[in-house]
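In our numbering, the protein residues as written are 3 to 79.
Cβ atoms here follow ideal geometry from the backbone N, Cα and C, with glycine treated the same way.
Because the structure is a prediction, the values reported are computed rather than measured.
Single-structure report; data block below.
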């Protein structure tokens, strides 16, 4: 049997990182509902940039996990 490359395996920490990024994105979206008197959130631009970064990281992490799951399935079969 071929030796597994453990660097390609998924761990619960990988999933936890995605969970934290998604929770952060949800918190940012919830915060954007509060507007000042002019109808704009004081930190709206910064919030959108941070939201974009958090969601982008979550997508990147999911792509890595998909690759890890594909690798694990190849090793099983």
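{"Item": "Other residues of its chain near residue 63: CB distance less than 8 Å, five sequence neighbours each side excluded", "Value": "16, 19, 20 and 23"}
{"Item": "Same chain only: Cβ atoms within 6 Å of residue 56, ignoring 5 sequence neighbours per side", "Value": "23, 26 and 27"}
{"Item": "CB contact flag (residue 69, residue 10, <9 Å)", "Value": "yes"}
{"Item": "Alpha-carbon spacing of residue 48 relative to residue 42, whole angstroms", "Value": "12 Å"}
{"Item": "Alpha-carbon spacing of residue 72 relative to residue 31, whole angstroms", "Value": "32 Å"}
{"Item": "Best match in 7, 12 and 46 for proximity to residue 66 [C-alpha to C-alpha]", "Value": "12"}
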